[in-house]
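Note that full-length UniProt numbering gives residue 30 to position 30 of the sequence shown, counting from 1, and the numbers run on in steps of one.
Where a beta carbon is used, it is the ideal one built from N, C-alpha and C, also for glycine.
On a predicted model such as this, the values are computed, not experimentally measured, just so you know.
In what follows, a single structure is set out as structure tokens and then discussed.
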Amino acid sequence: VLSMGAVIARLFAGFGTKEMRILMVGLDAAGKTTVLYKLKLGEIVTTIPTIGFNVETVQYKNINFTVWDVGGQDKIRPLWRHYYQNTHGVIYVVDSNDRGR
């Protein structure tokens with residue numbers, strides 16, 4: 001005899017893995033790359049400014065999130081619009097300690 005939770009878990013496991021595309025944007029030096037690698041590796045890593053983008057796959061339960069971390073410098077921001085197509089969600093990263101921005 002299976003518990004209700006076990007039945008539901010097996011039911012969802014049968015649906016297979018879902019693929020989700022996530023776009024992460026924000027001003028330069030807001031912490032986008034730090035967030036990306038904390039999600040991916042579970043630890044804080046030393047980063048350098050992103051020129052262009054970083055892309056990583058982060059798995060959570062039965063979902064594979066392809067996370068696009070796009071640079072936030074003034075000259076790169078106009079390019080953000082090219083990354084929105086086929087995106088399932090957007091994460092906008094803000095450095096709340098940088099009150100001047």
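- In this structure the stretch 55-63 does not lie against the stretch 75-90, because fewer than three pairs of beta carbons, one per stretch, are closer than 8 Å.
- The distance from the Cβ of THR33 to that of THR57 is about 15 Å, inconsistent with a contact at the 8 Å cut-off.
- The three-state reading of DSSP puts ARG81 in helix, counting H, G and I together.
- In this structure, the alpha-carbon of ILE48 lies about 24 Å from that of TYR84.
- Annotation for VAL58: the continuous beta strand (DSSP E) segment containing it runs 53-60.
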